[in-house]
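Reviewing the structure listed below.
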Amino acid sequence: MNSLRPELASVIKQSVIEDGNPARYRLQTSSDNLNESEPYKTMTFGERNKNKPHKIILVVGETGTGKTTLINVMINYMLGVQREDKVWFEITDDQSDRTSAHSQTSIITVYGFYPQESPVDLTIIDTPGYGDTRGISLDKEIAESFLSLCTSAEGVHEIHAVCLVINATQNQLSDRQIYIFDAVQSLFGRDFAENIVLLFTHSTGAHPKNVLTAVKEAKIKCAVNDKNQPVFFLFDNCQSEPADEDDEDDVQRLNQSWNLSFTRMK
Numbered sequence: 001m002n003s004l005r006p007e008l009a010s011v012i013k014q015s016v017i018e019d020g021n022p023a024r025y026r027l028q029t030s031s032d033n034l035n036e037s038e039p040y041k042t043m044t045f046g047e048r049n050k051n052k053p054h055k056i057i058l059v060v061g062e063t064g065t066g067k068t069t070l071i072n073v074m075i076n077y078m079l080g081v082q083r084e085d086k087v088w089f090e091i092t093d094d095q096s097d098r099t100s101a102h103s104q105t106s107i108i109t110v111y112g113f114y115p116q117e118s119p120v121d122l123t124i125i126d127t128p129g130y131g132d133t134r135g136i137s138l139d140k141e142i143a144e145s146f147l148s149l150c151t152s153a154e155g156v157h158e159i160h161a162v163c164l165v166i167n168a169t170q171n172q173l174s175d176r177q178i179y180i181f182d183a184v185q186s187l188f189g190r191d192f193a194e195n196i197v198l199l200f201t202h203s204t205g206a207h208p209k210n211v212l213t214a215v216k217e218a219k220i221k222c223a224v225n226d227k228n229q230p231v232f233f234l235f236d237n238c239q240s241e242p243a244d245e246d247d248e249d250d251v252q253r254l255n256q257s258w259n260l261s262f263t264r265m266k
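Mapping the sequence shown onto the UniProt record's numbering, position 176 (from 1) lands on 176, and the numbers just tick up by one.
Next up, the structure:
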């Protein structure tokens with residue numbers, strides 16, 4: 001750890017360490033909007049630099065798709081973390097650890113990520129996992145919470161991209177996935193489709209033929225390329241897993257996972 005690059009060492013000074021290899025660090029964030037009457041909260045790392053470009057994205061996904069890991073991949077990519085650094089940073093606020101009834105239902109977390117070294121400031125709107133065991137009534141509650149966030153005076157009034165997170169192994173989208181993806185589109189209008197991208201998680205890197213077919217059959221509107229095919233990106237979800245240094249196959253597997261996900265961030 002003594003050879004860690006200075007830019008990462010400075011981040012660690014602001015972080016709380018967790019056991020593990022790679023060493024895992026929870027970024028220390030400041031929290032705002034903690035009023036229990038609000039259906040959202042903000043967690044901020046660093047200070048917003050108004051001279052930098054500022055991108056705001058909404059991340060939507062069903063419970064179990066790996067949305068939390070994906071958000072942390074974004075954070076580590078922006079910090080310039082490399083596999084050989086043997087560190088992993090996490091900004092996500094695990095909702096399963098919360099105790100209040102309010103936070104366990106429909107709360108949305110807005111992550112402001114403003115590292116000094118990054119050329120871009122990023123805000124990530126993280127919705128709770130849709131389609132969990134609490135039913136479609138919760139899904140509707142989350143949609144209403146997002147609407148509240150967008151209409152509140154202190155909320156978010158501009159979004160540059162919507163990321164629909166889907167497991168790459170799916171052969172069919174669930175009714176609840178279709179419901180919430182349609183709800184998101186209805187909030188922004190049909191013209192916003194070019195700003196909606198597909199993020200396929202738990203991918204081996206193979207062409208996601210089956211899940212692309214499922215998306216088309218569900219008539220999900222999203223950005224398309226010059227061949228009129230959906231714009232998508234592939235990610236694996238193993239970046240924070242500890243590697244068995246004595247097992248060459250395991251090391252190779254995790255290196256491939258890292259390269260797949262971080263290449264797609266470019």
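Where a beta carbon is used, it is the ideal one built from N, C-alpha and C, also for glycine.
| What are the boundary residues of the beta strand (DSSP E) that includes residue 201? | 196-201
| field | Per DSSP, the bridge partner or partners of residue 46 | value | 114
| task | With DSSP collapsed to three states, give me the class of residue 176. | result | helix
| request: Grab me the residues of residue 210's own chain with a C-beta within less than 7 angstroms of its C-beta, minus the 5 sequence neighbours each way, in chain order. | output: 171
| task | Could you tell me if residue 225 is buried or exposed, where buried requires 16 or more neighbouring beta carbons within 10 angstroms of its beta carbon? | result | exposed
| said: Please report the distance separating the alpha-carbon of residue 156 from that of residue 263. | reply: 29 angstroms
| message | So residue 115 and residue 79 are supposed to be a Cβ contact under 8 angstroms. How far apart are they, rounded? | response | 6 angstroms
| said: For the ligand NAD, is there any heavy atom lying closer than 6 angstroms to the beta carbon of residue 235? | reply: The ligand content of the structure shown is nil, which means the ligand NAD is not present either.
| request: Give the single residue among 109, 127, 16, 86 whose Cα lies nearest to the Cα of residue 5. | output: 86
| Own chain, CB closer than 8 angstroms to residue 57, minus 5 neighbours either side, in chain order | 122, 123, 124, 125, 159, 160, 161, 162, 163
| query | Opposite residue 55 in the DSSP bridges: which residues? | reply | 122
| C-alpha gap between residue 216 and residue 229, whole angstroms | 10 angstroms
| message | Quick check: residue 169 and residue 202, are their CB atoms within less than 7 angstroms of each other? | response | yes
| task | Indicate the three-state DSSP secondary structure (helix, strand or coil) for residue 5 in the structure shown. | result | coil
| task | Output the distance between the C-alpha atoms of residue 219 and residue 90, rounded to the nearest integer angstrom. | result | 34 angstroms
| Of all the options 235, 31, 140, 188, which has the alpha carbon lying nearest to the alpha carbon of residue 151? | 188
| message | Excluding the 5 residues flanking residue 194 on each side, which residues of the same chain have their C-beta closer than 7 angstroms to its C-beta? | response | 223
| said: Using only the alpha-carbon positions, how far apart do residue 81 and residue 148 sit? | reply: 35 angstroms
| task | Please report how far the alpha carbon of residue 92 lies from the alpha carbon of residue 72, in whole angstroms. | result | 7 angstroms
| said: So, at 8 angstroms on beta carbons, what are the nonlocal neighbours of residue 16 in its own chain, with the 5 sequence-adjacent residues on each side left out? | reply: 25, 26, 28
| CA nearest to the CA of residue 31, picked from 197, 107, 43 | 43
| task | State buried or exposed for residue 68, treating a residue as buried only when at least 16 other CB atoms are found within 10 Å of its CB. | result | buried
| Buried versus exposed, by CB contacts within 10 Å (16 or more), residue 186 | exposed
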